[in-house]
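*Asks:* Chains as they are written, first to last, in our numbering: chain R, 1 to 199; chain Y, 200 to 398.
Virtual Cβ for every residue (Gly too), placed ideally from N, Cα, C.
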DNA sequence: CTCCTATGTGAATTATAATTCACAATATAA
DNA sequence: TTATATTGTGAATTATAATTCACATAGGAG
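1) Run through DSSP, which three-state label would residue 45 of chain R get?
2) Can you list, in chain order, the residues of its chain whose CB lies under 8 Å from that of residue 73 of chain R, leaving out five sequence neighbours each side?
3) Return the residue from the list Y:232, Y:225, Y:259 and Y:201 that minimises the CA-CA distance to residue 212 of chain Y.
4) With a Cβ-Cβ cutoff of 8 Å, do residue 46 of chain R and residue 37 of chain R count as a contact?
5) Flag this pair as yes or no: are the beta carbons of residue 181 of chain R and residue 172 of chain R separated by less than 8 Å?
6) Check the Cβ of residue 168 of chain R against every Cβ in chain Y and list those closer than 7 Å, keeping chain order.
7) Looking at C-alpha atoms only, which residue of Y:262, Y:346, Y:218 and Y:339 is the closest neighbour of residue 324 of chain Y?
8) Whole angstroms are fine: how far does the CA of residue 191 of chain R sit from the CA of residue 394 of chain Y?
9) Where DSSP assigns a beta bridge to residue 347 of chain Y, which residues make up the other side?
10) At a CB distance below 7 Å, what residues from the stretch 385-397 of chain Y approach chain R? Give them in sequence order.
11) Just the chain Y side, please: which residues come within less than 9 Å of residue 116 of chain R by C-beta, in chain order?
12) Need the endpoints of the alpha helix (DSSP H) that residue 254 of chain Y sits in, please.
13) Tell me whether the stretch 98-110 of chain R and the stretch 140-150 of chain R touch, counting them as touching only if at least three CB pairs, one residue from each stretch, are closer than 8 Å.
14) Please list the segments of the alpha helix (DSSP H) lying wholly inside the stretch 79-163 of chain R, counting only runs of 4 or more residues, in order along the chain.
15) Is there a Cβ from chain Y that is less than 8 Å from the Cβ of residue 88 of chain R?
16) In angstroms with no decimal places, state the Cα-to-Cα distance between residue 251 of chain Y and residue 4 of chain R.
17) Which residue's Cα is closest to the Cα of residue 129 of chain R: Y:226, Y:344 and Y:367?
18) With DSSP collapsed to three states, give me the class of residue 369 of chain Y.
19) Using a 10 Å radius around the Cβ and a threshold of 16 neighbouring Cβ atoms, would you call residue 44 of chain R buried or exposed?
20) Let me make sure I understand the geometry here. Which of Y:224, Y:268 and Y:376 has the alpha-carbon closest to that of residue 326 of chain Y?
21) Once DSSP output is grouped into helix, strand and coil, what is the label at residue 50 of chain R?
22) Which first and last residues belong to the alpha helix (DSSP H) in which residue 18 of chain R is found?
23) Taking C-beta to C-beta, are residue 107 of chain R and residue 50 of chain R nearer than 8 Å?
24) So is residue 343 of chain Y buried or exposed if we call it buried at 16+ other beta carbons inside 10 Å?
25) Give the straight-line distance between the Cα atoms of residue 218 of chain Y and residue 230 of chain Y, rounded to the nearest whole angstrom.
26) Would DSSP call residue 376 of chain Y helix, strand or coil?
27) Under three-state DSSP, which class holds residue 409 of chain Y?
28) Check distances from the C-beta atoms of the stretch 62-86 of chain R to those of chain Y and list, in chain order, the residues that come in under 9 Å.
29) For residue 198 of chain R, collect the residues of the same chain with a Cβ closer than 7 Å to its Cβ; drop the 5 residues on either side in sequence, then sort them by chain order.
30) Go ahead and label residue 417 of chain Y buried or exposed: buried means 16 or more other beta carbons lie within 10 angstroms of its beta carbon, across all protein chains shown.
31) For the candidate residues Y:257, Y:208 and Y:209, whose alpha-carbon lies nearest to that of residue 221 of chain Y?
32) On the criterion of 16 or more Cβ atoms from any shown chain inside 10 Å, does residue 94 of chain R qualify as buried, or is it exposed?
33) Taking all protein chains shown into account, decide if residue 280 of chain Y is buried (16 or more other Cβ within 10 angstroms of its Cβ) or exposed.
34) Against chain Y, with Cβ distances strictly below 8 Å, would residue 125 of chain R count as a contact?
35) Go through its chain and collect everything with a Cβ distance to residue 83 of chain R's Cβ below 8 Å, but skip five positions before and after it.
36) Evaluate residue 377 of chain Y with the Cβ neighbour count: other Cβ atoms within 10 Å of its Cβ, from every protein chain shown; 16 or more gives buried, anything less gives exposed.
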């Protein structure tokens with residue numbers, strides 16, 4: 001069997017994807033260079049041809065995740081225009097994304113990702129901030145168009161929106177997938193929407 | 200200086216407390232037997248006189264946390280009786296507890312605590328479940344007394360209640376304490392309460 | 001007071017993983 | 001076709017922390 005030599009761009013993607021999959025199944029704790037390498041089909045030391053360190057590999061995983069999250073938001077905003085439709089669709093898509101990738105909320109919100117790494121923490125903060133701003137904008141738009149009450153703070157709502165998804169994802173994971181995220185999201189959404197609607 | 204020899208009960212508490220404080224400042228990643236020992240004023244190997252392993256030490260920290268959380272809930276239920284007053288007070292107390300102990304949400308909800316430890320994961324699941332049930336009960340009582348709408352599912356609400364606290368705590372931490380948790384809780388609470396109140 | 005047990009000490013020992021390095025094989029540009 | 005840079009390999013090397021162990025000492029039971 002001949003040794004495959006692939007472009008570093010390709011490998012970087014393969015590695016980031018493999019790392020994410022590994023985190024999905026074994027968690028951050030189970031993430032080792034050796035296992036990632038095995039999944040990609042190369043030898044551990046070869047990882048270092050494509051990433052300077054394990055840390056930079058993790059950065060790549062974070063980028064992967066945020067790209068998808070933002071993609072969900074942007075695509076949704078292309079597809080629908082009513083603010084409630086948008087939020088609902090984002091919610092649904094996020095749930096699906098998370099069900100396929102257990103790890104996402106745990107990676108993003110788990111301190112092991114950034115503890116002792118000021119730079120990454122700041123980066124993560126910026127990315128989450130950007131995400132929340134997007135959600136806020138949708139809400140502001142809704143207020144502008146008189147679909148959403150004007151006496152609520154868009155930023156607060158955007159964090160509460162996160163509060164529909166994240167705790168549910170955590171419970172789902174910790175309960176060994178017994179907690180029904182989709183059903184919860186459905187019920188919570190109803191209440192959430194109603195509480196924002198203009199009388 | 201003479202060597203202090205303390206009862207293992209006392210040491211276990213000291214160690215659990217020291218571990219928790221350490222996690223507050225340096226995160227799970229920074230939690231080492233050596234550092235804990237130093238804080239307690241003993242030598243690393245001495246830890247093993249009081250805990251079989253690092254894992255069991257972490258278990259003790261978890262117990263510490265849940266004891267306090269439950270304590271908040273129970274004390275609140277002793278002090279107030281109106282369901283909204285109860286929830287509001289629990290919210291306030293949790294926020295205060297979390298501000299004093301950054302680590303709490305990150306410990307409870309961080310996979311590093313339970314990944315690869317089925318037993319602890321199950322235990323954590325039970326404890327969180329018990330907590331949510333308590334919150335649910337308060338809501339059911341409110342429904343019974345006609346303060347809270349009856350067309351909402353108490354379990355859903357209890358998870359949404361978590362959704363007020365947890366994302367805020369995470370944002371506070373990741374933003375290097377720039378995010379104003381207390382203010383968010385205040386605003387979110389207003390919306391939350393209103394959405395549950397009987398018309 | 002004296003023994004005995006519980007606790008503490010410091011120096012190994014282990015375990016796990018990241019990282020480095022010298023060497024090999026492949027692709028590609030000329 | 002053939003240099004040359006890039007990518008891959010496998011065997012060290014390092015780093016970090018948990019854990020063990022033989023020995024020391026305080027403090028209560030008798």
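*Replies:* Reading it off the structure:
1) Within the first chain, numbered from 1, the residue matching residue 45 of chain R stands at position 45. Three-state result, residue 45 of chain R: helix.
2) For the purposes of this step, residue 73 of chain R is identified with residue 73 of the first chain, where counting begins at 1. So the qualifying residues of the chain are 90, 131, 134 and 135.
3) Here residue 212 of chain Y refers to the residue found at position 13 of the second chain. The option with the nearest alpha carbon to residue 212 of chain Y is Y:259.
4) In the first chain, counting from the first residue as 1, residue 46 of chain R sits at position 46. In the first chain, counting from the first residue as 1, residue 37 of chain R sits at position 37. Yes. Within cutoff.
5) On the first chain, residue 181 of chain R is found 181 positions in, with the first residue counted as 1. On the first chain, residue 172 of chain R is found 172 positions in, with the first residue counted as 1. Yes. Within cutoff.
6) Position 168 of the first chain, counted from the first residue, corresponds to residue 168 of chain R. Those within 7 Å of residue 168 of chain R in chain Y are 358.
7) Start at 1 with the first residue of the second chain, and residue 324 of chain Y comes out as number 125. Per the Cα distances, Y:262.
8) As a first step, residue 394 of chain Y is located in the second chain; it is residue number 195 there, counting from the start. As a first step, residue 191 of chain R is located in the first chain; it is residue number 191 there, counting from the start. Near 7 Å, if we compare the C-alpha coordinates of residue 191 of chain R and residue 394 of chain Y.
9) The residue labelled residue 347 of chain Y in the question sits at position 148 within the second chain. Its beta-bridge partners are Y:396.
10) 386, 387, 390, 393 and 394
11) Position 116 of the first chain holds residue 116 of chain R. Within 9 Å Cβ-Cβ: 225, 226, 228 and 229.
12) The count along the second chain starts at 1 and reaches residue 254 of chain Y at position 55. It spans 253-278 - the alpha helix (DSSP H) in which residue 254 of chain Y sits, taken as one unbroken run.
13) no
14) 83-100, 103-109 and 118-144
15) By 1-based counting over the first chain, the position of residue 88 of chain R is 88. Judged by the 8 Å Cβ criterion, residue 88 of chain R is not in contact with chain Y.
16) Here residue 251 of chain Y refers to the residue found at position 52 when the second chain is read from its first residue. Here residue 4 of chain R refers to the residue found at position 4 when the first chain is read from its first residue. Distance between the alpha carbons of residue 251 of chain Y and residue 4 of chain R is about 47 Å.
17) Within the first chain, residue 129 of chain R is the residue found at index 129, counting from 1. Of Y:226, Y:344 and Y:367, the residue nearest in Cα terms is Y:367.
18) Mapped onto the second chain, residue 369 of chain Y falls at position 170. It is helical.
19) Within the first chain, the letter at position 44 stands for residue 44 of chain R. Looking at its Cβ environment, which holds fewer than 16 other Cβ atoms inside 10 Å, residue 44 of chain R is exposed.
20) In the second chain, the residue the question calls residue 326 of chain Y occupies position 127. Here the closest residue by C-alpha is Y:268.
21) Counting from 1 along the first chain, the entry for residue 50 of chain R is found at position 50. Coil.
22) By 1-based counting over the first chain, the position of residue 18 of chain R is 18. Residues 8-26.
23) Translated into the one-based positions of the first chain, residue 107 of chain R becomes position 107. Translated into the one-based positions of the first chain, residue 50 of chain R becomes position 50. No, the Cβ-Cβ distance between residue 107 of chain R and residue 50 of chain R is not below 8 Å.
24) Start at 1 with the first residue of the second chain, and residue 343 of chain Y comes out as number 144. Result: exposed.
25) Along the second chain, one-based indexing puts residue 218 of chain Y at 19. Along the second chain, one-based indexing puts residue 230 of chain Y at 31. The straight-line gap from Cα to Cα measures roughly 7 Å.
26) Your numbering for residue 376 of chain Y matches position 177 in the second chain. In the structure shown, residue 376 of chain Y sits in coil (DSSP, three-state: anything other than H, G, I, E or B).
27) Residue 409 of chain Y cannot be examined here, being either before or after the span of chain Y that is shown, 200 to 398.
28) none
29) Start at 1 with the first residue of the first chain, and residue 198 of chain R comes out as number 198. Answer for residue 198 of chain R: 146, 147, 148 and 149, listed in chain order.
30) Past the boundaries of the shown model lies residue 417 of chain Y; chain Y is included only from 200 to 398, so the question cannot be answered.
31) On the second chain, position 22 is the one that residue 221 of chain Y refers to. Residue Y:257 is the option with its Cα nearest to residue 221 of chain Y.
32) Translated into positions along the first chain, residue 94 of chain R becomes position 94. With 16 or more other Cβ atoms within 10 Å, it is buried.
33) To locate residue 280 of chain Y, count along the second chain from 1; it is residue 81. That one is exposed.
34) Here residue 125 of chain R refers to the residue found at position 125 of the first chain. Chain Y, which has a Cβ nearer than 8 Å to the Cβ of residue 125 of chain R, makes this yes.
35) Taking the first chain and counting its residues from 1, the one referred to as residue 83 of chain R is at position 83. Only 138, 139, 141, 142, 145, 147 and 148 meet the Cβ criterion.
36) As a working note, residue 377 of chain Y is residue 178 in the second chain. By the neighbour-count rule (16 or more Cβ atoms within 10 Å), residue 377 of chain Y is not buried but exposed.
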